[in-house]
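Peer 1:
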Amino acid sequence: MRACDVVTGVKLNYTEELNPEQCRAVETIDGPVLIIAGAGSGKTRVITYRIANMLGHGIPQSSILALTFTNKAAHEMAGRVRELLGRKLPNLIVSTFHAFGVRILREQIHRLGYRDSFSIYDTHDQLSLLKQTAREIRFSLDSVDLYTTLAAFSRIKTGTADWDDQTLPLHTLYHQYQTHLRLYNAVDFDDLIQLPIAILSQFGEVADGYRRRFSYILVDEFQDTSRQQYRFLQLLGGRHRNVCVVGDDDQSIYSWRGADYRNLLQFERDFPDLQEITLERNYRSSNTILAAANGVISHNTNRKSKNLWSGSDGGSPVELYHPEDERAEATFICDRIKGMALKEGLKYHDVGVLIRANSLARALEEGFLAENIPYRISGGESFFQRKEIKDMISYMRLCANPDDDVSLLRIMNTPRRGIGLRTLEQLQELARARGISLFSAMHAALAAEDSPLSSRARDDLGGFVTLIDTYRPKLLSGRRMAETLSAMVTEIDYWSYLVSEHQRNEKVAKWKLRNIELFIDIVRSYERDPDTLDSGLFHFLNRITLQQRDNIDQDDEQGKVNLMTIHAAKGLEHEVVFVAGVEDGIIPHARALEEHERNIEEERRLFYVAITRARRRLFLTCCRQRKVMREVINCVPSPFLEEIPAGLIQISEVDIPVEHDEAADYFAMIKARFARSGV
DNA sequence: CTGTACTAGACCACT
DNA sequence: TCTAGTACAG
């Protein structure tokens, strides 16, 4: 019997718990390793045991770097390791690529001429920067879509695309955007990968330091890595070659964000001596669910051939239901959940309700509320994206980095302080002339004898500058940040601002104030958390900026139904899974197909990921009609439904008369298939 | 400079 | 339906 004695003294007997392939994956520690891990093949288990095994072989935790793609996956992995070893590993780094990028930048960004107090701009901030930049250089954005522009900038920055006829007119805008980022001492999400690459490739001794430090690298969800992330990985691990990547090409669902399946081929080319391990045995789902999933995914071309099989037998059929509209859909889902809870003792937290887009969440949430089913939702707008919270964050960011014009512009007049357009224009003029930030320009304008500002404007401005200058050292001290913030909220009288903004609706004002209190609590518990090694203002801000979608409900997931997007569900599993809105235009999403017809394969993988989240039972719902924006539209069932072998599906009949031809046709079709298959 | 009222456009996924 | 942006009056 093999066992490994981990530092903690915990004995790990994994041979009994793992199959031979899994064991091999756990035991192959040195050199390049490629693990192809099908859905439900125990991947997370393998990764955690592998880390435990490495520690058991005397590899220090600080030498191991485990990278994933989403926050959720990173948390999941860190939690599993902790659970397995029964203790926290403070020096083991399990993080997203972006968070790891921040870590490097905090240590090294000065080499590129930034200060380590840099701000990180999320999409919102990028958007305001873009607008502001355009205004400044008199570039009309009327003809271009802002998001498209940002996407183009991203492709340019990451080297995914070159300037072409489409993007060339944006050339000066892009450069101005970049200049501003630098002036404001700010970076965007792409920079979090791009700048570390620049540092590692320009400064050999720095790169060597990191290579020595992280001598074992593990990458989860490798199929979702971008070319940039691969390059980053190569710079870090290309020499010592102790790089283990784990992935499944069938679950690649992030190509829109730069994920590139060619990384897999590149990895094989770069490390021709790699050990390849394929995990094909599925431990998660019933045979029925697995067969349904296989039926769907087999329609994709260009797959690395893989045959998932399961030791378990049969299982309940996949149930397909056609509700009248999205409200009936919510009712059906609630009824089923309640029924199973009652009859089978199903726990609410063992249920996952998956949706393609956040917009589908509303009707379901309303249903859960009406039926008193506790739920939690992940994805969508995070707590930190809420307006009132972003205001607080902007105050903190400006204190951390006074050159951050985007944050300054957000709060300069929030609450209203009488600093108007005229004053702002004068300040911007001054800032531009001297090549300084707005906050510096404010100081300059206040100090200047011949200031063009009116005395009223001087007073208003002076109040703001004094406010920031007073709270800045307090927040920077890193002590009692929560109290400081709380005092500031009182001083700026944010409550009155909320009340005046929501005169008609006092409830909203109260709700927002409550959110701010919640935020202050978060700051407080962050400060008190003994596990945060670096409890300063910057670290806090960086951390929450990367937490764009994950909600802060880490506390109690017990007893709550999980409502989330399919993207967010990747890597998770549930006893019972509902996939809502299995309609043409939603899965596959119309917008995805508009972009490119070939995106159908990724949409299919998305559906595959949704199906394979289920252990025992799978329900698919497909509305007859649905309200989209203003109007009610008739729905057509998703074409992917036909790819599920007919014998596996059971139609849940509805007692509502069939009104629409399309729906009727589809019904007939399903019934015919049903008859043919002889069920 | 502020507040209100009106209009257009948004809903695809994550860091 | 909701929000962000703009026009205009005070």
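Following numbering that gives the first Met the number 0, the numbering of the first sequence begins with 0 at its first residue and continues without gaps. Glycine included, each C-beta is placed from N, C-alpha and C at the ideal position. As the structure is a computational prediction, the values presented were derived from the model and not from experiment.
Okay, do the stretch 24-32 and the stretch 222-241 touch, 3+ Cβ pairs below 8 Å being the bar?
Peer 2: With a cut-off of 8 Å, the stretch 222-241 and the stretch 24-32 count as touching, because enough Cβ pairs lie within range.
Peer 1: Excluding the 5 residues flanking N541 on each side, which residues of the same chain have their C-beta closer than 7 Å to its C-beta?
Peer 2: Counted from its first residue, the first sequence places residue 541 at position 542. V101 and I119.
Peer 1: Flag this pair as yes or no: are the beta carbons of E428 and M480 separated by less than 8 Å?
Peer 2: Here residue 428 refers to the residue found at position 429 when the first sequence is read from its first residue. Here residue 480 refers to the residue found at position 481 when the first sequence is read from its first residue. No, they are not a contact pair.
Peer 1: Locate the beta strand (DSSP E) running through D187, then write down its first and last residues.
Peer 2: Translated into positions along the first sequence, residue 187 becomes position 188. Unbroken beta strand (DSSP E) run through D187: A185 to D187.
Peer 1: Can you find the residues in the same chain that come closer than 6 Å, C-beta to C-beta, to K506, ignoring five residues on each side of it along the sequence?
Peer 2: Within the first sequence, the letter at position 507 stands for residue 506. Closer than 6 Å at Cβ, skipping near neighbours: no residue.
Peer 1: Count the other CB atoms within 10 Å of the CB of Y209; is the residue buried (16 or more) or exposed (fewer)?
Peer 2: Position 210 of the first sequence, counted from the start, is the residue given in the question as residue 209. That one is buried.
Peer 1: Measuring alpha carbon to alpha carbon, tell me which residue in P644, E500, G417 and N400 is nearest Y470.
Peer 2: For the purposes of this step, residue 470 is taken as residue 471 along the first sequence, with counting starting at 1. Answer by Cα proximity: N400.
Peer 1: Please state whether DSSP places C243 in a helix, a strand or coil.
Peer 2: Counted from its first residue, the first sequence places residue 243 at position 244. Three-state result, C243: strand.
Peer 1: Use the C-beta contact count for Q165: other C-beta atoms within 10 angstroms, 16 or more gives buried, fewer gives exposed.
Peer 2: As a working note, residue 165 is residue 166 in the first sequence. Burial call: exposed.
Peer 1: Go to Y394, then tell me how far its alpha helix (DSSP H) extends in each direction, as first and last residue.
Peer 2: Counting from 1 along the first sequence, the entry for residue 394 is found at position 395. Where Y394 is concerned, the enclosing alpha helix (DSSP H) stretches over K386 to A399.
Peer 1: Would you tell me roughly how many angstroms separate the C-alpha atoms of Q690 and H595, rounded to the nearest one?
Peer 2: The requested residue 690 does not occur in the structure, where the chain is confined to residues 0 to 678.
Peer 1: For a test of the three-state rule: what should DSSP assign to R44, helix, strand or coil?
Peer 2: What you label residue 44 is simply residue 45 of the first sequence in a count that begins at 1. Correct three-state label for R44: helix.
Peer 1: How is the alpha helix (DSSP H) around E364 delimited, first residue to last?
Peer 2: Position 365 of the first sequence, counted from the first residue, corresponds to residue 364. Counting along the chain, the alpha helix (DSSP H) containing E364 begins and ends at A360 to A369.
Peer 1: So, helix, strand or coil for D654, using DSSP?
Peer 2: Taking the first sequence and counting its residues from 1, one reaches residue 654 at position 655. The predicted position of D654 is uncertain, since its pLDDT is 42 and thus under 50; a value taken from the coordinates is nonetheless stated next. If DSSP states are grouped into helix, strand and coil, D654 belongs with coil.
Peer 1: Where does D561 sit, in a helix, a strand or coil, going by DSSP?
Peer 2: Translated into the one-based positions of the first sequence, residue 561 becomes position 562. Per the sequence shown, residue 561 should be read as Asn rather than Asp. It is a strand residue.
Peer 1: Using DSSP with H/G/I as helix, E/B as strand and the rest coil, what is H321?
Peer 2: Your numbering for residue 321 matches position 322 in the first sequence. If DSSP states are grouped into helix, strand and coil, H321 belongs with coil.
Peer 1: Please name the residue or residues paired with I63 in a DSSP beta bridge.
Peer 2: On the first sequence, residue 63 is found 64 positions in, with the first residue counted as 1. DSSP output for I63 lists Y215 as bridge partner(s).
Peer 1: Relative to the C-alpha of P168, which candidate in A133, G158 and D248 has its C-alpha closest?
Peer 2: On the first sequence, position 169 is the one that residue 168 refers to. For P168, the nearest C-alpha among the options comes from A133.
Peer 1: To which residues does DSSP link Q274 through a beta bridge?
Peer 2: Within the first sequence, residue 274 is the residue found at index 275, counting from 1. Partner(s): V32.
Peer 1: Helix, strand or coil for T620, going by three-state DSSP, please let me know.
Peer 2: Taking the first residue of the first sequence as position 1, residue 620 is located at position 621. Strand.
Peer 1: What is the rounded straight-line gap between the Cα of D259 and the Cα of R604?
Peer 2: On the first sequence, residue 259 is found 260 positions in, with the first residue counted as 1. On the first sequence, residue 604 is found 605 positions in, with the first residue counted as 1. Distance between the alpha carbons of D259 and R604 is about 14 Å.
Peer 1: Extract the residue ranges of the beta strand (DSSP E) inside the stretch 176-210, only unbroken runs of 3 or more that lie entirely within it.
Peer 2: Qualifying beta strand (DSSP E) stretches, in chain order: 185-187.
Peer 1: How should E602 be labelled, buried or exposed, when 16 other C-beta atoms within 10 angstroms of its C-beta is the threshold for buried?
Peer 2: Mapped onto the first sequence, residue 602 falls at position 603. Buried.
Peer 1: Can you give me the C-alpha to C-alpha distance between S476 and D190, rounded to a whole angstrom?
Peer 2: Working through the first sequence from its first residue, we reach residue 476 at position 477. Working through the first sequence from its first residue, we reach residue 190 at position 191. Rounded to the nearest angstrom, the two C-alpha atoms are 27 Å apart.
Peer 1: Closest to R114 by CA distance: which of V186, H74, Y173 and R137 is it?
Peer 2: The residue you call residue 114 lines up with position 115 of the first sequence. Closest by alpha carbon: V186.
Peer 1: Tell me the rounded alpha-carbon separation between S94 and G78.
Peer 2: As a working note, residue 94 is residue 95 in the first sequence. As a working note, residue 78 is residue 79 in the first sequence. When rounded, the distance between both Cα atoms is 12 Å.
Peer 1: Is V464 near M487, with beta carbons less than 8 Å apart?
Peer 2: Here the question's residue 464 lines up with position 465 in the first sequence. Here the question's residue 487 lines up with position 488 in the first sequence. Contact: no.
Peer 1: Using the DSSP secondary-structure output, state which residues sit across from Y493 in a beta bridge.
Peer 2: To locate residue 493, count along the first sequence from 1; it is residue 494. Paired residue(s): none; Y493 is not in a bridge.
Peer 1: Identify which residue in Q201, G351, S127 and P636 has its Cα closest to the Cα of F231.
Peer 2: For the purposes of this step, residue 231 is taken as the residue at position 232 of the first sequence. The shortest C-alpha separation from F231 is found at Q201.
Peer 1: Classify Y470 as helix, strand or coil using the three-state DSSP reduction.
Peer 2: Along the first sequence, one-based indexing puts residue 470 at 471. If DSSP states are grouped into helix, strand and coil, Y470 belongs with the helices.
Peer 1: Quick check on the DSSP output: the alpha helix (DSSP H) that includes T132 runs from which residue to which?
Peer 2: Looking up residue 132 in the first sequence gives position 133. Where T132 is concerned, the enclosing alpha helix (DSSP H) stretches over T122 to E135.
Peer 1: Just mark A369 as buried or exposed, buried being the case when its beta carbon has 16 or more other beta carbons within 10 Å.
Peer 2: Walking along the first sequence from the start, residue 369 turns up at place 370. Per the 10 Å Cβ criterion, exposed.
Peer 1: Answer yes or no: do A360 and A329 have a C-beta to C-beta separation smaller than 8 Å?
Peer 2: The residue given as residue 360 occupies position 361 in the first sequence. The residue given as residue 329 occupies position 330 in the first sequence. Their beta carbons are not under 8 Å apart, which means A360 does not touch A329 by this criterion.
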